[in-house]
Structure formats: C-alpha cells, structure tokens
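In terms of our numbering, the sequence shown opens at residue 103 and continues consecutively. Note that the Cβ used here is the ideal one computed from N, Cα and C, for glycine as well. What follows is one structure encoded as structure tokens, with my remarks underneath.
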Amino acid sequence: MTALERWIEERLAGRAVALVGVGNRLRGDDGAGPALADRLRRPGAARGEGAARWRVLDAGTVPENFLGPLLEAAPEVVVFADAVDHGGAPGEWVVAEPGALEPRDGGTHAPSLRLVAGLLAAHGIECWLLGVQPGPRAFGERLTRGVAAGVETMARALAAARAAEAAHV
C-alpha cells in the first residue's frame, strides 16, 4: 500500500466524502480532475449505503459554482482533484491543503478553489487538494499517457476506499 493509499484509507474511511474534479477537459492534462470524476462514476462503481455517503462532482473550471450543492450535501470531507505542478513526474499525485500549492503557470481556477475551500471550511467541512503532476496542457490535446495512468491508479484507490465503506455500513 502506498503512502497516498494509506492517506485515503485513514482520512476518508467511514466519512461522508465529496470528490470534486477540477480542470479543463480541452487542455490536455489539465483535464485530470474531471477524468478522475468520470472514472469514479463509471458503471460498476461501489454501490450500497456506504457508497451513497460519497458524492462525485465534475466542477470543470468553475468550482465556485458548486458551493451550494456541496453545502447542501454536507459532506464531512471535500477532496478537490486537480492538475497541480508540484515538481513530480507526470501522473504523480500529491495531497495538500487547498492553498498550499501555488499555481506556477497562470492557472485560472486555483484562486476560486482556495476561496471555495475556505468557505467550506468555515462551515466545518474538511478540505483537501489531491493534485496530479501534469504534462502538456495544450488546447485540444488529450490526457498524456502518464497522467491517464495516474488517474486510473488514483481511481482504483478511491474506489477501493468507497467500496470498503459500502461493505462496512
């Protein structure tokens, strides 16, 4: 079990969770957050009462538009999944507080992500950023192979945590 998988198990087990994919699908690896949300919503994902405590949203480039639905859902934890330049290899994930990683390339949704996380925290909702190291983010490109593999790895880890929750309820 990797350190990131351990973090998922320790922080998310038994809790109501909202995973929010953030990013622009039209800009290559910037679409990693929405791709992760898609992967977690595929048929065959965990079902049952525990799985119902997990909500998966694709916020695109406007996470602030999902503040109302997130507050209404009242999760205990919100995990924002986004492409974040953290100096790793493309496809490598990191966990941080939403304001800890500064945008290095003029990203447009990082400020609104910090704002939404701050508002959710003011309502007692724990917030985390699950950031994947992107490669190219050129307009019109697809996810690179490394980031697509990273999305799949993270989706399996999160789906396993969600399935374990469903089995325990």
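Just mark residue i as buried or exposed, buried being the case when its beta carbon has 16 or more other beta carbons within 10 Å.
i      : result
Leu173 : exposed
Met256 : buried
Ala251 : exposed
Arg206 : Low confidence applies to Arg206: its pLDDT is 46, below 50, so where it sits in the model is not reliable enough to give any reading.
Gly152 : Reliability of the predicted coordinates at Gly152 is poor, the pLDDT of 46 falling under 50, and no value is obtained from them.
Looking at the structure shown, is residue i part of a helix, part of a strand, or coil, going by DSSP?
i      : result
Glu228 : strand
Val197 : strand
Gly237 : coil
Can you tell me which residues form a DSSP beta bridge with residue i?
i      : result
Leu121 : Val158 and Val181
Val253 : The partner list for Val253 (beta bridge, DSSP) is empty, contrary to what the question assumes.
Less than 7 Å between the CB of residue i and some heavy atom of the ligand GTP, yes or no?
i      : result
Gly193 : The ligand GTP is not part of this structure, which contains no ligands at all.
Does the beta-carbon distance from residue i to residue j come in below 8 Å?
i      : j      : result
Ala240 : Arg129 : yes
Val164 : Trp230 : no
Output needed for residue i: all residues of its chain with C-beta closer than 6 Å, excluding positions within five of it in sequence on either side, in chain order.
i      : result
Arg157 : Ala120 and Ala175
Gly123 : Gly135, Pro136, Leu138, Ala139, Asp160 and Ala183
Pro177 : Ala118, Val119 and Ala120
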